[in-house]
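First to last, the protein sequences are chains E and G. Heads up: the first sequence begins at 1 in our numbering, then just goes up one per residue. Heads up: the second sequence begins at 889 in our numbering, then just goes up one per residue. Note that beta-carbon positions come from the ideal geometry of N, C-alpha and C, so glycine has one too.
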Amino acid sequence: MNMSRTEWAFIALFMFIFTILAAGGASYITLQARTHQFESDAARIQVSVLESLGSSRGLIIAMGTLYRANNNIDASSFSLIATDIKATNPAIRHVAFAPRLAQEDRSDFEDSLREEGFPTFSIRTSKDDVDHIDFHLPLIFIEPFSPMTARFMGEDLASRPGLLEDINFSVAANEPQLVFFENFLDSERQLGFLHPVYSGTTTPWSSLEREIHLRGLLVFTLDPQQWKTGDDIDSRTVISLSYSADEKEQQTIILNDPELDLTDSLLSLDRSLKLPHFPLSLNIKKPVGFAELINSPIPYITLLGAIIGFIIPRLVISRRKVVRQEQATKAELSRIRRHAETTLQSIGDAVITVDPYLVIRSANTMAEQLLGKGGTDLIGVPANQVIKLTDESSGRKLALFDLREHDLSRNHIILNRADSAHIPIEIDIRHLHGSHEEDMGQVIVLRDVSTERELSQELRYQATHDPLTGLMNRYAFDQELQASLKSAHRRDSHHVLCYLDLDQFKLINDTCGHMAGDIVLKQISSIIHSQLRARDIIARLGGDEFGIILSDCPMEKAREIAERIRLAVHDFRFPWEEKIFALRVSIGLVPVTDNAHSMTELLSAADIACYSAKERGRDQVYAYLHDDESITERHGEMQWLPILQEALREDNFSMALQPIVPVENNTLPAIYEFLIRLNRPDDLNTLPGSFLPAAERYDLMREIDAWVINHCFELISTYTLPEHAYFSINLSGQSLTDPQLPTRILQAQEKFSIDPDRVYFEITETSAITSLAATIELINRLRAQGYHFALDDFGSGFSSYSYLSRLPIDLLKIDGQFIRDIQVNKIHYTLVKGIREIAEVLDVATIAEFVENSEIVEVIGSMGIEYMQGYHCGRPQAAEEILKEISP
Amino acid sequence: MTRVKKVLRTSSVLTGLLLLCLSHSLAAESLPRCLFVSSYHQGYAWSDGVEKGLRDTLEGRCRLDQVNLDTKRIKDPVTISKKVNALRRQIDYTQPDVIITADDNAAKYLIQPYYIDSDIPFVFCGINWSVNNYGFPASNITGMIEIAPIKPLMEWVTRLVPGTQTASYIGADTLTEKKNYERYRALGKKMGITVKQNLVPSNEQWKEAYKKAQEDDFIIIGSNAGINDWDAKGTIQSLPALTSRISITVHEWMMPYTSLGFTKIPEEQGIWAGQTALAIVEQGMKAEDIPIVANRQWDIWINQSLVTPTGIKLPGRLQQRAKLYNEP
């Protein structure tokens, strides 16, 4: 859950408060517990001390009694008794006995001890005036007896400062006396009990008698550390004792102070306890350090407080956020509901809800429109009274709620309105269920599909028809052809496939524009269609290509129909911007019989048949036959492709030269035209008429032209030629539009050091006009380098003088068809003469092709034609031979 | 396991052992050096008891070297002198922090001639009765004298046999026994008891003396060392019939022939010597500040077979402390 800074601050504040409260509370409780524990320990220590003191006191009294009962306690017995006493009360550190010794017995006593193995024994008194001492109390038995305590053997206790008063007090009180020893036995400061031992079997009654019968003094020293007998007493407890024999004396403190580091002590618990019956007060102290608090539950409770301090505000914030989210959700739901209602009202489908009893409970605007009723007329009305349906195909009435799945899925349901309108609809019925799957009614969605149907039909039409001509398109035609093929296979019926290709249409399209082309196509389509029978199918297959299926039609009948179409097109004239264009059509026919294997094969055959028609001079009808040699050849033409590709790779071409000579004026230099030949394995050079169509058809002309240019340039450069030797090289229409051609020519020129002035490039009239702008640009560019251009086959195509005037050429080759019979054909004579005159105006020299005899020479000579070419002037020969001839 | 791992593991173990030995050696080096000179030999019961008390006390607190003069078995003064001289060279070389001696001969042959008031502190133990013969006390010498508990023994018997006036001392006819008798006699005199002397050379005479001693209030049994024809079994078997008086001894080995015995404890000597040595080397006390003391503990033995014929009922606390002698 994302939290804002304010919320985090709120949580932090709560955490801080709870942490402080928890830490404070835990500290308070812990300290209370520690204090309680301390009080308990203190009480137990007090009891333990009192018990120990009482025990020690009782034991010293008991030992005194033992002494009274036994006058002869020797060192060994004393050791055993003392060991037993110390074992009974571990707080008793030493047990000692000092016999009372009269001053006059001192020497004998000392001698006796020395004889008994204590050679250095002597009674040591602390007082100087020994003479005034009535008696001595020399220590003789000390237990434990060690080198340390043995040093005190012989010490006269009666001479110890202050001790005699204690002894006298003890004797007077007839009670063991608690005393304080300094530098006694093995300790600098220690407590101890004194207990006088008297002669006789009973303790003397009076104080005086006790003084008289004093036999010796028993001494216990105590070990206060042993008073903390309980293991559960905290080891950090510091115990000190204050000893005070009377109020005036300076108190002497005995510390039982464990080695504690009090620097981390946070606080200290203190108790001072008076010990009844003893001049002692017990001081107990216990430091409570930081480490102890760390080891207590405080950190955990503090952590718990921090966690609670985090969780509570977090829960509060979460709850508030949940409430806010619920409110936001409600608002959003309300908005969505309004939005849904609005959407429902605005959607194009009629949405109607009915209750479990099929009574309409709601209907959107579209439902009102579709059903032709106002909202108030629908609500509360049984749905089947206003939604009346019929099956469009069968006219059968359909009950609304009895509709089956297949009824809903089909598109032929008609809504019958009260106003007699019949609307095609789609219907969808969904059941509404509550959260417990109870029936909540149904939602009926009715969709008016009238528009969709219209659009669907339109789309279907567009998908199968050519938008320009309104004829079927290629796709639909393929479907129909496939169907016809199947029909031929199934029913042995005979159909004919016609393939139509308009001749010269491209010229119209390129020169007059696409709009003119489109108009031509529409008109031609109409013309062709008008020649067909009702059952025939026509389609536009591509730019100027059409396909026709002549159903159930024998080939003869098909020829007849095709011929009609050809003639109709032949007669058609298309006027455009003061020009009139004539069109031709080449038609290929292929029978669709059970011999045809596939649609592709049919189309291929039709295409070839059409091409054959074109080959035969265009404006032809050519019917495909299974044993048709022409078709076979056409099929063979397709085999040229790999041959040409190999020839390009392997240099299997060669060049021939045919002279173009001046007609009369011998001052003009001869021009030699390079003609390509294909070298075959049988050593027969194949003429270009055989393979160039295939090269053009398979788009190989650019490469062949490139090979020709390179090879011609190489030949020219190989021989030493006269100054005025000129050559012409043919360029194909495909090369004219090749933007790389000028570069290629100039590179070859540089490579072979060719003088451009020697070279004429020949281009055909048709190809020049087809790509007029590109051709003009090419000519200008190469002419600028010094090359010359000749327009070939003029008169075979458009013979447009307009175009001729725009082409910057140097020579004009008049098509041979006009020259061949010029001496007998006046039309040709006139036409050639006109061309010659126009060329003269344009300052372009002319060449007559196909000059095959001297009569022609005469005619063209009279016209003023400058050059001639043909068998009369010279046949083509191998280029090397000619070049060798003309070389000086 | 690969060869490399084996080599590594063996190297680790050897290194650990080496470090352990080194640490032990360093720890031992850091301890004070104590030299224990026993007058006798290991295997001699008294000396072994002393040594045990000493070693138990010094265990881990002093590096203890021991030299045994073996003077129980070696009587030749020349040999003893050679041993002492070798010991002196060892002392010069090792410079012990304290030298502990056990029994008289160590004091006689080593301390008295060479180390009175020297810088090396000496702690003796087991010197019989008095150190006067060896020039002690001295500034560098302290220790525990070995006193036979004849006084408490005499005190006990006077309590068991009220009104005693006479006692017989029966022992071998030797110089030592004469000295022992003198101690009893002197003590008896202080206590008002006449102690008669019966020092005999033979077992039979010993029995006769014992039989005659029944006429006195109690009998003091001295050592039989010196009676060469001693018949232990026959004597033991004959005594109950001869006994009507209580007999006492301070010799543990004479308990088969005695009713009540107080015997010295050798471990007490060793423990005291050890404690004193530690007070010197650990607490820095001077030898002269520690008084020479006598042993204060003894074992109490009761031979019930020789108590019963006397008709004396021994006190409970005595019986509780006593070890009961049982015939082998």
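Excluding sequence positions up to five away, which residues of its chain have a Cβ less than 6 Å from the Cβ of residue i?
i: I301/E; result: A22 and A26
i: T1062/G; result: G1114
i: A1165/G; result: C922, V986, I988 and V1011
If I follow the unbroken alpha helix (DSSP H) through residue i, where does it start and stop?
i: D501/E; result: Run containing D501/E: none in the alpha helix (DSSP H); it sits in the beta strand (DSSP E), H495 to D503.
i: N973/G; result: P965 to T982
i: T1054/G; result: Per DSSP, T1054/G belongs to no alpha helix (DSSP H); it is in the beta strand (DSSP E), T1054 to A1060.
i: D1187/G; result: Segment W1186 to I1190 is the beta strand (DSSP E) holding D1187/G; no alpha helix (DSSP H) there.
i: P662/E; result: Unbroken run through P662/E is the beta strand (DSSP E), F653 to P662; no alpha helix (DSSP H).
i: F477/E; result: R474 to R491
i: G816/E; result: G816 to I819
i: Y719/E; result: Unbroken run through Y719/E: none, as it is neither H nor E.
i: P642/E; result: W640 to E650
i: V322/E; result: I298 to S346
Among the candidates the options, whose CA atom is the shortest distance from the CA of residue i?
i: R491/E; options: G434/E, E332/E and N595/E; result: N595/E
i: E1034/G; options: E1155/G, T1164/G and K1201/G; result: E1155/G
i: L178/E; options: Q620/E, L532/E, S55/E and G816/E; result: S55/E
i: Y611/E; options: R320/E, A488/E and Y622/E; result: Y622/E
i: A483/E; options: E723/E, F713/E and T593/E; result: T593/E
i: V1197/G; options: A1165/G, A1129/G and I1015/G; result: The identity of residue 1197/G in the sequence shown is Pro, whereas the question assumes Val. It is A1129/G.
i: R820/E; options: E750/E, S802/E, S487/E and E852/E; result: E852/E
i: D428/E; options: T451/E, E452/E, S435/E and D402/E; result: D402/E
i: N364/E; options: G348/E, L315/E, S48/E and Y357/E; result: G348/E
i: E673/E; options: P382/E, N174/E, A605/E and I763/E; result: I763/E
i: C512/E; options: K579/E, R453/E, I307/E and A87/E; result: K579/E
i: M15/E; options: D166/E, I311/E and S206/E; result: I311/E
What residue range does the beta strand (DSSP E) around residue i cover?
i: R677/E; result: I671 to N679
i: H195/E; result: S187 to Y198
i: P576/E; result: A small correction: the amino acid at residue 576/E is Trp; Pro does not occupy that position in the sequence shown. Residues R573 to W576.
i: K286/E; result: L280 to G289
i: A539/E; result: I537 to R540
i: H788/E; result: H788 to F794
i: K888/G; result: Chain G is shown only over 889 to 1216; residue 888/G falls outside these bounds and no answer can be derived.
i: D843/E; result: First-last for D843/E: undefined, no H or E at that position.
i: M622/E; result: The residue you asked about is not Met; residue 622/E is Tyr in the sequence shown. Start and end: V621 to A623.
i: R951/G; result: R951 to N956
For residue i, I'd like the list of residues in its chain whose CB is within less than 8 Å of its CB, leaving aside the five on either flank, ordered along the chain.
i: R564/E; result: Q531
i: C909/G; result: Model confidence at C909/G stands at a pLDDT of 46, short of 50, so the residue's coordinates are unreliable; what they give is reported in the following sentence. Nothing meets the Cβ criterion.
i: Y867/E; result: I660, V661, P662, V663, L668, I671, L811, A845, T846, I847 and A848
i: F10/E; result: P313 and I317
i: L432/E; result: T353, D439, M440, G441, Q442 and V443
By Cβ distance, which residues of its chain are closer than 7 Å to residue i, with the 5 residues on each side in sequence left out?
i: N2/E; result: none
i: S717/E; result: F752, S753 and I754
i: D898/E; result: In the structure as shown, chain E begins at 1 and stops at 888. Residue 898/E is therefore absent and cannot be evaluated.
What residues in the stretch 144–166 of chain E have a beta carbon less than 9 Å from any beta carbon of chain G? So the close ones are F145, S146, P147, M148, A150, R151, M153 and G154.
Can you list, in chain order, the stretches of the alpha helix (DSSP H) that have 4 or more residues and sit fully within the stretch 89–142 of chain E? Runs of the alpha helix (DSSP H) spanning 4 or more residues and lying entirely within the stretch 89–142 of chain E occur at 106–115, in chain order.
Residues, ordered as in the chain, of the stretch 999–1023 of chain G that lie near chain E by beta-carbon distance below 8 Å: The stretch 999–1023 of chain G vs chain E, Cβ under 8 Å: W1017, S1018, V1019 and N1020.
Every unbroken beta strand (DSSP E) inside the stretch 1096–1122 of chain G [3 residues or more]: The qualifying runs are 1106–1109.
May I ask you to list, following chain order, the residues of the stretch 1177–1191 of chain G that have a beta carbon less than 8 Å from some beta carbon of chain E? Of all residues in the stretch 1177–1191 of chain G, D1177, I1178, P1179, I1180, V1181, A1182, N1183, R1184, Q1185 and W1186 have a Cβ within less than 8 Å of some Cβ in chain E.
Give, in chain order, every residue of the stretch 178–203 of chain E whose Cβ lies closer than 9 Å to some Cβ of chain G. Across the stretch 178–203 of chain E, no CB contact with chain G closer than 9 Å is found for any residue.
Given a limit of 9 Å on CB to CB distance, which residues of the stretch 1026–1039 of chain G reach chain E? For chain E, the residues of the stretch 1026–1039 of chain G that bring a beta carbon within less than 9 Å of one of its beta carbons are T1030, M1032, I1033, E1034, I1035, P1037 and K1039, in chain order.
Determine which residues of the stretch 95–120 of chain E have a Cβ less than 7 Å from any Cβ of chain G, and write them out in chain order. Legend: CB atoms of the stretch 95–120 of chain E lying less than 7 Å from CB atoms of chain G belong to residues E116, G117, F118, P119 and T120.
Would you list, in chain order, the members of the stretch 54–85 of chain E that have their beta-carbon closer than 7 Å to a beta-carbon of chain G? Here the close residues are N72, D74, A75, S76, S79 and L80.
I'd like the ranges of any alpha helix (DSSP H) spanning at least 4 consecutive residues and lying wholly in the stretch 376–433 of chain E. If we require 4 residues or more, the alpha helix (DSSP H) runs fully inside the stretch 376–433 of chain E come out as 383–386 and 405–409.
Compile a chain-ordered list of the residues in the stretch 1154–1168 of chain G whose CB is closer than 7 Å to at least one CB of chain E. Within the stretch 1154–1168 of chain G, contact with chain E at the beta-carbon level (separation under 7 Å) is assigned to Q1163, T1164 and A1167.
Contacting positions in the stretch 1194–1209 of chain G - beta carbon closer than 9 Å to chain E: Hits within the stretch, in order: R1205 and R1209.
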